[in-house]
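Here the structure is laid out as structure tokens; the discussion comes afterwards.
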Amino acid sequence: MTISNASNRPQPRAFSPLKFKSDPALSTFRWEIDMTQDGHNRVSMMEGYSKGQGFELTNKAELLVRKLGNPLSLYLPKSDEIRLYENLTQLPSGQTLRIPKEQQTCILTLYRSGYKAHSWVAQCEPILTHLNGIYQVLTSTGQPPQQRSGNARKKVWFPELDHSKYTFANLEQLQLFCRSMVPKHGAACMNKWWNAHMAMQPELAQPEPTGAAIVQSVPTTGEQQVTQVAMQGLYAKFNR
146 MTISNASNRP
156 QPRAFSPLKF
166 KSDPALSTFR
176 WEIDMTQDGH
186 NRVSMMEGYS
196 KGQGFELTNK
206 AELLVRKLGN
216 PLSLYLPKSD
226 EIRLYENLTQ
236 LPSGQTLRIP
246 KEQQTCILTL
256 YRSGYKAHSW
266 VAQCEPILTH
276 LNGIYQVLTS
286 TGQPPQQRSG
296 NARKKVWFPE
306 LDHSKYTFAN
316 LEQLQLFCRS
326 MVPKHGAACM
336 NKWWNAHMAM
346 QPELAQPEPT
356 GAAIVQSVPT
366 TGEQQVTQVA
376 MQGLYAKFNR
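Position one of the sequence shown corresponds to residue 146 (the numbering used here), numbered consecutively onward.
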């Protein structure tokens, strides 16, 4: 009879967690962490990416909230500065392309005592509220908030994506709104939003009535200017 050595048995998954391995090519965000040189940190700068194995959240803003909680806030007490960059861009063709590091836009800078939000992050209230909460705990305790498993799965609410707030007059208005939200939430997220809203407002997919409505003429210069002003008004209305 052969007696097996228990130490040689494969360990259950709970006791041998998978190590996070980043996916630079498909990560939405990249960050650089300047570590405090106090004799405890072995490196001066750490680089990281938002995506590991498996899928990544399609909503950019919600993904950023998740990454601020874990891992980035954990480094705040032992770093001097953390810089977050857009790592991917969406081409008009729909293709996702990685941005060269030297061309990436910094969207957020974190310090021990505060932060500076740039680009679309500066106008994203849920992200700013989450950041203020992190720094409130950090200031009072010296440590970032403890992440609970339930909070990690809790969906982040973005008021501007509430379908009940919008009744679009036509497909052009719906398209304009979705495009205005791509920098903040991402193309994949807004494609899903488009499909969900079409289910709520199916009349947008109906063909235009025949008859006088199809009679068109070349717009005059004045009509073109009115149309341009109206489109700018829609951008101002939706791009908040």
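For every residue, glycine included, the Cβ atom is placed at its ideal position computed from N, Cα and C.
Local Cβ density within 10 Å of residue i, reported as buried at 16 or more and exposed below that
i: Trp302; result: exposed
i: Val266; result: buried
i: Gln373; result: At Gln373 the pLDDT is 45, less than 50, meaning the model places this residue with poor confidence and gives no usable figure here.
i: Ser218; result: buried
i: Pro289; result: buried
i: Glu192; result: exposed
i: Ile148; result: Below a pLDDT of 50, predicted positions are generally treated as unreliable, and Ile148, at 47, falls in that range; the measurement from the model is reported next regardless. Classification for Ile148: exposed.
Expected contact under 8 Å - CB spacing of residue i and residue j to nearest Å
i: Ile178; j: Tyr230; result: Their Cβ separation, rounded to whole angstroms, is 12 Å, which puts Ile178 and Tyr230 out of contact at 8 Å.
i: Ile244; j: Thr234; result: 5 Å
i: Ala205; j: Thr173; result: Before going on, a small fix: residue 205 reads as Lys here, not Ala. About 6 Å separates the two Cβ atoms, so the contact holds.
i: Ile252; j: His263; result: 5 Å
Contact under 8 Å by Cβ, residue i with residue j
i: Gly197; j: Asp225; result: no
i: Thr203; j: Ala344; result: no
i: Val327; j: Pro271; result: no
i: Lys246; j: Met180; result: no
i: Phe313; j: Leu319; result: yes
i: Gln292; j: Asn215; result: yes
i: His342; j: His308; result: yes
Sequence-distant residues of the same chain with beta carbon closer than 8 Å to residue i, five excluded per side
i: Gln249; result: Arg175, Tyr230, Glu231, Asn232
i: Leu236; result: Leu242
i: Lys300; result: Glu207
i: Met190; result: Glu177, Ile178, Asp179, Met180
i: Thr284; result: Ser258
i: Tyr260; result: Leu253, Thr254, Leu276, Tyr280
Chain-order list of residues whose beta-carbon lies under 6 Å from that of residue i (same chain, five-residue window excluded)
i: Tyr311; result: none
i: Leu139; result: For the chain, the structure presents residues 146 to 385; residue 139 sits outside this window and is missing.
Beta-ladder partner(s) of residue i, from DSSP
i: Glu317; result: According to DSSP, which records beta bridges pairwise, Glu317 is partnered with nothing at all.
i: Phe200; result: DSSP output for Phe200 lists no bridge partner at all.
i: Ile227; result: Ile178, Leu255
i: Gly193; result: Trp176
i: Thr250; result: For Thr250, which the question treats as bridged, DSSP gives no partner whatsoever.
i: Gln235; result: Thr241
i: Tyr260; result: Leu255
7 Å Cβ shell around residue i - same chain, five flanking residues per side excluded
i: Trp338; result: Leu306, Cys323
i: His275; result: Val210, Leu213
i: Gly184; result: none
i: Leu349; result: Phe313, Asn315, Leu316, Leu319, Met343
i: Leu273; result: Ala262
i: Cys269; result: Ala206, Lys329
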